[in-house]
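Protein chains in written order, with our numbering: chain Z, 1 to 375; chain V, 1 to 262.
Comments concern the structure below.
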Amino acid sequence: MAPLEELTAAYFASRDDDSFQSELRDLLKNYAGRPTPLFHAARLTEHCGGARIYLKREDLLHTGAHKINNTIGQVLLARRMNKQRIVAETGAGQHGVATATVCALFGLDCVVYMGAEDMRRQELNVFRMQLLGAEVREVNAGSRTLKDAINEALRDWVTNVNDTYYLLGSALGPHPYPLMVRDYQSVIGREARKQILEHEGRLPDALIACVGGGSNSIGLFHPFLADSTIKMIGVEAGGSGNELGQHAARFNVAGGGRPGVLQGTMSYVLQDNNGQVAATHSISAGLDYPSIGPEHAFLHDAGRVEYVSVSDGDALEAFQLLSKLEGIIPALESAHAVAQAIKTAREMRSDQILVVNLSGRGDKDVNSVREALES
Amino acid sequence: MGRIADAFTSLKREGKKGFIPYITAGDPDLATTEQLLSTIAPYATLIELGVPFSDPMADGPVIQRASERALKHVFGLQDILDTAARARKQIDTPIILFSYYNPLLQFGLKRVAPAAKDAGVDGVLVTDLTPEESGEFEAELHAHGLDMIFLIAPTSTDERLKLVAEHAGGFIYAVSRAGVTGAREKVSEEAEKLVKRMRQFSSLPIAVGFGISNAAQVADVSRYADAVVVGSAIVAEMERCAGDPELVRKVGQFLDGITGCS
């Protein structure tokens, strides 16, 4: 607990520190490439024949996903805390790449834990991390995916806590991580809000984002939560079926999760009757996690955000459709949000506005998509 | 007084230090666990019975593998308690459950204490439940005369040690160093400092664990601690003897060696 208390104190101090915030803003702008565009997807809109669809282009950020918003923030925090060594977990590899990138920028030692199954699915990202100077450690415990990588990163952190900073990549884990990651990712929603007002002169009617741990979605949603007329939809991985083990849809009515405690957080957890955490499946490594950020659990129970799931097959279709219609290859994670956007847009009027968070680009996924399409 | 307090009181009277072995319930199956409880009881001041969990984030690879072996069979907390209850007919040694929070939470916090009491369990240690969050469960345990045991670590501030002292029952479990369970060549000097710091705030017995794997280390830690916990070394011995019909006897031999009573 002491390291978490130290982290909490350091985080709040940095939040009130103008020089910290100005360094963060500078890096987000000049290193990561913010602001990202809010793009009117005219052909996708036409294809659906409903609401006007806008894409928040987080895929255009340096390293290709929203993850770097958080890693820049937390690496600055680690430096402020005089930690020279960074450990992180990664699922799809995007958070690992973003962490390795910012560690390279500041000359910090970087160790990334990654499940063996994910290393296979995201081979290219493994090599990218190594090029960036990070050590990627294979995790062979449990399901060999994101959750096991988090366990291993936590073990490393508690063992080397004096010189090591744990850079958690999603809005998960013990306090203050969910809050800190949300704050760093909220730049997505703040920008989108400003941009839609410029484009349309009004706020959107609906927001859609995919939800693994929940960092890109909470980042988009959070600055709009007070606007009660805006509908928000979080999209979970429906995987290959509704049985426990076939999906990562924690809020599914059938075969979904129950409140539980995993990795220092109480939230919805996919688990068996004995409280053993269940295996999950998704075609996208970044959504393949049995629990969900606690703030999402709150928003779900409060009825503020609606959570739905999209199957592997529908995500694959959306992946191809967006590529062909807009010339944008989305990450498989983001393709889940696009698939839902296609459904939702059709149920909306043509004078309504829908903003979809395109959280990452799909270059990392082309091999696994090819495998899936050929099988 | 409960069995835990009695055990430490008689140790003190005899001027002895305690020995606390750990095993994971269901490794490799619950029938073996039942036999092991009887076999290790004569060596033990108290027995820690681990509840296997799919995500044992406080454990090193040895105890992780024990959880994986156990979870090849589907069983729940009640099955573990039934095993303890059968062993309880043979032994009088205190037994505590060493668990992660989720298996207890899913069993039902209100159900755990009475069921554990019925099984002859004397206390519960929850690795991932902090004193700040433990109020409800602690009250349930106390209502049934069970102790709630807490971990402290070298990184714990004095404020945290005080907080633990306010909540802890039975004894206090001092983690010898920052990190997870598992054998180390050397027991950290931090452990002794931690025990000394904790004595300022609590008069409960203090056991030291994590990383203690041989007789020399047990003797060394016994200089300043009231008891020594050995877990991964025993579990590793069980792993070495996997499939051996003599497994239970060999664990007994191993305990002869580590406790110096053969």
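Positions of the beta carbon are idealized from the N, C-alpha and C atoms, including for glycine.
Amino acids of chain V, ordered along the chain, whose beta-carbon sits closer than 7 Å to that of residue i
{"i": "Z:Arg155", "result": "Met57, Val180"}
{"i": "Z:Ala2", "result": "Thr155, Ser156, Thr157, Arg160"}
{"i": "Z:Val112", "result": "Near Z:Val112 there are no residues of chain V at all, since even the closest Cβ is about 17 Å away, more than 7 Å."}
{"i": "Z:Ala141", "result": "Gln64"}
{"i": "Z:Asn151", "result": "Asp55, Met57"}
Assigned exposure category for residue i - 16 Cβ within 10 Å defines buried
{"i": "Z:Pro290", "result": "buried"}
{"i": "V:Thr9", "result": "exposed"}
{"i": "V:Ser262", "result": "Residue confidence for V:Ser262 is low, a pLDDT of 45 falling below 50, so the modelled location carries little weight and cannot support an answer."}
{"i": "Z:Asn273", "result": "exposed"}
{"i": "V:His142", "result": "exposed"}
{"i": "Z:Gln84", "result": "exposed"}
{"i": "Z:Asp301", "result": "exposed"}
{"i": "Z:Asn252", "result": "buried"}
{"i": "Z:Asn162", "result": "exposed"}
{"i": "V:Glu237", "result": "buried"}
{"i": "Z:Phe319", "result": "buried"}
{"i": "Z:Glu333", "result": "buried"}
{"i": "V:Pro114", "result": "exposed"}
{"i": "Z:Ser309", "result": "buried"}
{"i": "V:Ala219", "result": "exposed"}
{"i": "Z:His336", "result": "buried"}
{"i": "Z:His66", "result": "buried"}
{"i": "V:Asp6", "result": "exposed"}
{"i": "Z:His281", "result": "buried"}
{"i": "Z:Gln340", "result": "buried"}
{"i": "Z:Pro294", "result": "buried"}
Contact under 7 Å by Cβ, residue i with residue j
{"i": "Z:Leu325", "j": "Z:Arg128", "result": "no"}
{"i": "Z:Gly115", "j": "Z:Ala149", "result": "yes"}
{"i": "V:Leu36", "j": "V:Ile23", "result": "yes"}
{"i": "V:Asp55", "j": "Z:Val269", "result": "no"}
{"i": "Z:Ser186", "j": "Z:His222", "result": "yes"}
{"i": "Z:Gly189", "j": "Z:Leu220", "result": "yes"}
{"i": "V:Ile140", "j": "V:Leu109", "result": "According to the sequence displayed, residue 140 of chain V carries Glu and not Ile. Yes, they are a contact pair."}
{"i": "V:Pro21", "j": "V:Ile234", "result": "yes"}
{"i": "Z:His95", "j": "Z:Gly214", "result": "no"}
{"i": "Z:Val355", "j": "Z:Pro178", "result": "no"}
{"i": "V:Gly123", "j": "V:Asp147", "result": "yes"}
{"i": "V:Leu77", "j": "V:Ala119", "result": "no"}
{"i": "Z:Val126", "j": "Z:Val111", "result": "no"}
DSSP beta-bridge partners of residue i
{"i": "Z:His47", "result": "Bridge partners of Z:His47: none, in fact."}
{"i": "Z:Gly239", "result": "Z:Ser311"}
{"i": "V:Val229", "result": "V:Ile20"}
{"i": "Z:Thr164", "result": "Z:Arg85"}
{"i": "Z:Phe39", "result": "Z:Leu55"}
{"i": "V:Ala139", "result": "V:Ala139 pairs with nothing; no bridge assigned."}
{"i": "Z:Asn357", "result": "Z:Lys56"}
{"i": "Z:Asp17", "result": "According to DSSP, which records beta bridges pairwise, Z:Asp17 is partnered with nothing at all."}
{"i": "V:Met148", "result": "V:Val124"}
Chain-ordered chain Z contacts of residue i [CB-CB under 8 Å]
{"i": "V:Asn214", "result": "Within 8 Å Cβ-Cβ: nothing; V:Asn214 doesn't reach chain Z, min ~21 Å."}
{"i": "V:Leu81", "result": "Residues of chain Z passing the Cβ test: none, with the nearest at roughly 13 Å."}
{"i": "V:Asp128", "result": "Val261, Gly264"}
{"i": "V:Gln106", "result": "Arg258, Gly260, Gln271, Asn273, Asn274, Gly275"}
{"i": "V:Pro103", "result": "Asn274, Gly275, Gln276"}
{"i": "V:Leu71", "result": "Gln276"}
{"i": "V:Gly18", "result": "Simply none; closest approach about 26 Å."}
{"i": "V:Gly26", "result": "Per Cβ cutoff of 8 Å: no residues; V:Gly26 is ~11 Å from chain Z at best."}
{"i": "V:Gly231", "result": "Near V:Gly231 there are no residues of chain Z at all, since even the closest Cβ is about 15 Å away, more than 8 Å."}
Check: residue i C-beta below 6 Å from any heavy atom of the ligand FMN
{"i": "Z:Thr36", "result": "No copy of the ligand FMN appears in this structure; indeed no ligand is present at all."}
Beta-carbon neighbours of residue i, restricted to chain V and to distances below 8 Å
{"i": "Z:Thr159", "result": "Ala178, Gly179, Val180"}
{"i": "Z:Lys147", "result": "Asp55"}
7 Å Cβ cutoff, residue i in contact with chain C
{"i": "Z:Asn274", "result": "The question asks about chain C, but that chain is absent: this structure's protein chains are Z and V."}
Proximal chain Z residues relative to residue i, where beta-carbon distance stays under 7 Å
{"i": "V:Gly2", "result": "Residues of chain Z passing the Cβ test: none, with the nearest at roughly 26 Å."}
{"i": "V:Ser54", "result": "Gly142, Gln276, Val277"}
{"i": "V:Gly211", "result": "Within chain Z, no residue comes near V:Gly211; the closest Cβ sits about 11 Å away, beyond 7 Å."}
Which whole runs of the alpha helix (DSSP H) in the region 197 to 226 of chain V are 4 residues long or more, in chain order?
Complete alpha helix (DSSP H) runs here, min 4: 215 to 222.
Minimum length 3: unbroken beta strand (DSSP E) runs contained in the region 265 to 334 of chain Z
Secondary structure remark: continuous beta strand (DSSP E) runs of at least 3 residues inside the region 265 to 334 of chain Z, in chain order: 265 to 269, 306 to 311.
Runs of alpha helix (DSSP H) lying entirely within the region 66 to 147 of chain Z, each at least 4 residues, in chain order:
Taking only runs of at least 4 residues, the alpha helix (DSSP H) segments lying wholly in the region 66 to 147 of chain Z are 67 to 80, 94 to 106, 116 to 121, 123 to 131.
At 4 residues or longer, and completely inside the region 8 to 75 of chain V: list those alpha helix (DSSP H) runs for me, N to C.
With a minimum length of 4 residues, the continuous alpha helix (DSSP H) runs that stay inside the region 8 to 75 of chain V are 30 to 40, 61 to 70.
Curious, which full-length beta strand (DSSP E) runs of at least 3 residues does the region 69 to 127 of chain V contain?
For secondary structure counted as the beta strand (DSSP E) over 3 or more consecutive residues, the region 69 to 127 of chain V holds these complete runs in sequence order: 95 to 99, 123 to 126.
What beta strand (DSSP E) runs, 3 residues minimum, are completely inside the region 150 to 203 of chain V?
Under the rule that a run must span 3 or more residues, the beta strand (DSSP E) segments found entirely inside the region 150 to 203 of chain V read 172 to 175.
Which runs of the beta strand (DSSP E) at least 3 residues long sit entirely within the region 181 to 261 of chain Z? Give them in chain order.
DSSP runs (the beta strand (DSSP E)) wholly in the region 181 to 261 of chain Z: 206 to 210, 231 to 239.
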